[in-house]
Amino acid sequence: MSTHETTEAAQEAGVRLAAGDAELTVLPGNGCRLGSLRVGGTELLRQGAKYGCFPMVPWCGRTAYGRFRNGGTVHELPVNSPPHAIHGTGRDRAWRTARASDTSAAFTYDLGAPWPYTGRVTQLVELSPDSLTLTMGVETYDDSFPAQAGWHPWFLRRLGPAAGDGPDAPVEISFDAAWQEERGDDHLPTGRRIEPTAGPWDDCFGMPDGVDVTLTWPGRLELRVTSRDEWVVVYDEQDEAVCVEPQSGPPNGLNTAPRLVTPIDPLETSATWRWRAL
1280 MSTHETTEAA QEAGVRLAAG DAELTVLPGN GCRLGSLRVG GTELLRQGAK YGCFPMVPWC
1340 GRTAYGRFRN GGTVHELPVN SPPHAIHGTG RDRAWRTARA SDTSAAFTYD LGAPWPYTGR
1400 VTQLVELSPD SLTLTMGVET YDDSFPAQAG WHPWFLRRLG PAAGDGPDAP VEISFDAAWQ
1460 EERGDDHLPT GRRIEPTAGP WDDCFGMPDG VDVTLTWPGR LELRVTSRDE WVVVYDEQDE
1520 AVCVEPQSGP PNGLNTAPRL VTPIDPLETS ATWRWRAL
């Protein structure tokens, strides 16, 4: 088998990491998403080509009507969730495996059309027996541009039957947000901050001291999602899975809270998932 064929096979099969009883599969050929995370033999992520956990880059959530401005220039993005553009382009690209060991791996892809600027995105994945740390960076090759980065995990609502007579109760989500972004009828933040409401949610919350959300599968597992970023979207409107999405800016942030990536100031964000058995 040629080196090219071997690389293609690895891209298709994924990069597998293991630490203690934790096993992770990253799929660089499918948007560099996490295809599987198993702890003690139990799968935590919803399975399927569109699920797992995918990186949101170079924007997170919805960008209004697929348009954003950089200085005096208005750019058009593909409207892949009409009437908006959603979740960036990174999840639709094949990434390159830059390096991999038993417990960590780094991946890259080059920004380009339909994104109107050139640059590079890097994702570092680091697994330990009780945690997973994800780090993403966005750099420009030329002009400065606004960008965002974050992650969109699909955590299983139920972990399935346990050995013996263990419980299969649905996950509970716990967090203490400083505010909630009021959501308009167009699913975009209105710009007004309100007191956090009870779920179900498809909403963005502000945590100025950093994202800190705990998921608990009663009697089974506790998983805590943390990030130094102050924005998190919580989505729990589906029966199969719930999403806790730490991100570097709010939905439509390319327009409302632009964070410029410049030649001397790349964007970097990270998130950690830490778990313990109950």
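First residue of the sequence shown: 1280, per our numbering; consecutive thereafter. By construction, the Cβ of each residue, glycine as well, lies at the ideal position given by its N, Cα and C atoms. Computed from a predicted structure; not experimentally measured.
Indicate the three-state DSSP secondary structure (helix, strand or coil) for residue 1370 in the structure shown. On the sequence shown, position 91 is the one that residue 1370 refers to. In this structure, residue 1370 counts as helix in the three-state DSSP scheme.
Quick check: what's the CA-CA separation for residue 1351 versus residue 1462? Along the sequence shown, read from residue 1 onward, the residue named residue 1351 stands at position 72. Along the sequence shown, read from residue 1 onward, the residue named residue 1462 stands at position 183. Using only the alpha carbons, I get a separation of about 28 Å.
Determine the direct distance from the alpha carbon of residue 1342 to that of residue 1534, and round the result to whole angstroms. By one-based count along the sequence shown, residue 1534 stands at place 255. By one-based count along the sequence shown, residue 1342 stands at place 63. Those two C-alpha atoms are separated by around 8 Å.
The beta strand (DSSP E) with residue 1349 in it runs from where to where? Start at 1 with the first residue of the sequence shown, and residue 1349 comes out as number 70. From DSSP, the beta strand (DSSP E) with residue 1349 extends over 1346-1349.
Closest Cα partner of residue 1349 within the set 1511, 1538, 1431 and 1479: Taking the sequence shown and counting its residues from 1, one reaches residue 1349 at position 70. Among 1511, 1538, 1431 and 1479, the Cα nearest to that of residue 1349 is on 1538.
Candidates 1294, 1360 and 1345: closest to residue 1353 by CA position: Within the sequence shown, numbered from 1, the residue matching residue 1353 stands at position 74. Minimum Cα distance to residue 1353 is reached at 1345.
Alpha carbon of residue 1477 to alpha carbon of residue 1417, nearest angstrom: In the sequence shown, residue 1477 corresponds to position 198, counting from 1. In the sequence shown, residue 1417 corresponds to position 138, counting from 1. C-alpha separation (whole angstroms): 34 Å.
Nearest-angstrom Cα distance between residue 1376 and residue 1553? Residue 1376 sits at position 97 when you count from the first residue of the sequence shown. Residue 1553 sits at position 274 when you count from the first residue of the sequence shown. About 25 Å.
Neighbourhood of residue 1316 by C-beta, 6 Å cutoff - its chain only, sequence neighbours within 5 removed: Working through the sequence shown from its first residue, we reach residue 1316 at position 37. Counting only Cβ-Cβ distances below 6 Å, and skipping sequence neighbours, we find 1303, 1323 and 1324.
Count the other CB atoms, across all protein chains shown, that sit within 10 Å of the CB of residue 1508; report buried if there are 16 or more and exposed otherwise. Numbered from 1 along the sequence shown, position 229 holds the residue referred to as residue 1508. A residue is called buried when at least 16 other Cβ atoms come within 10 angstroms of its Cβ; residue 1508 meets this threshold and is buried.
On the three-state DSSP scale, how would you describe residue 1425? Along the sequence shown, read from residue 1 onward, the residue named residue 1425 stands at position 146. Note: residue 1425 maps to strand in three-state DSSP.
For residue 1297 and residue 1412, the rounded distance between their alpha carbons: Taking the sequence shown and counting its residues from 1, the one referred to as residue 1412 is at position 133. Taking the sequence shown and counting its residues from 1, the one referred to as residue 1297 is at position 18. So the two alpha carbons sit approximately 13 Å from each other.
Tell me, please, whether the region 1362-1371 touches the region 1471-1485 by the rule of three or more beta-carbon pairs shorter than 8 Å. no
Burial state of residue 1419 (16 or more Cβ within 10 Å): On the sequence shown, position 140 is the one that residue 1419 refers to. With 16 or more other Cβ atoms within 10 Å, it is buried.
Three-state class that DSSP yields for residue 1292 in the structure shown: Reading the sequence shown from its first residue, position 13 is the one you call residue 1292. DSSP places residue 1292 in helix when its eight states are reduced to three.
Nearest-angstrom Cα distance between residue 1395 and residue 1337? In the sequence shown, residue 1395 corresponds to position 116, counting from 1. In the sequence shown, residue 1337 corresponds to position 58, counting from 1. Each residue's Cα considered, the two are about 11 Å apart.
From residue 1504 to residue 1546, what distance separates their C-alpha atoms? For the purposes of this step, residue 1504 is taken as the residue at position 225 of the sequence shown. For the purposes of this step, residue 1546 is taken as the residue at position 267 of the sequence shown. When rounded, the distance between both Cα atoms is 20 Å.
So, is residue 1460 buried or exposed, given that buried needs 16 or more other C-beta atoms within 10 angstroms? Along the sequence shown, read from residue 1 onward, the residue named residue 1460 stands at position 181. With 16 or more other Cβ atoms from the protein chains shown falling within 10 Å of its own Cβ, residue 1460 counts as buried.
For residue 1281, count the other beta carbons within 10 Å of its own beta carbon; 16 or more makes it buried, fewer makes it exposed. Which is it? Counting from 1 along the sequence shown, the entry for residue 1281 is found at position 2. With a pLDDT of 38 at residue 1281, under the threshold of 50, the modelled position of that residue is not reliable, and no figure is offered here.
Can you give the Cα-Cα distance for residue 1453 and residue 1318, rounded to whole angstroms? Along the sequence shown, read from residue 1 onward, the residue named residue 1453 stands at position 174. Along the sequence shown, read from residue 1 onward, the residue named residue 1318 stands at position 39. Distance between the alpha carbons of residue 1453 and residue 1318 is about 21 Å.
Separation of residue 1557 from residue 1405, as counted between CA atoms: As a first step, residue 1405 must be located in the sequence shown, where it is residue number 126. As a first step, residue 1557 must be located in the sequence shown, where it is residue number 278. Roughly 23 Å separates the two Cα atoms.
Identify which residue in 1308, 1451 and 1424 has its Cα closest to the Cα of residue 1497. Residue 1497 sits at position 218 when you count from the first residue of the sequence shown. Checking every option, the nearest Cα to that of residue 1497 belongs to 1451.
Around the Cβ of residue 1327, are there at least 16 other Cβ atoms within 10 angstroms (buried) or fewer (exposed)? Indexing the sequence shown from 1 puts residue 1327 at position 48. It is exposed - the Cβ of residue 1327 has fewer than 16 other Cβ atoms within 10 Å.
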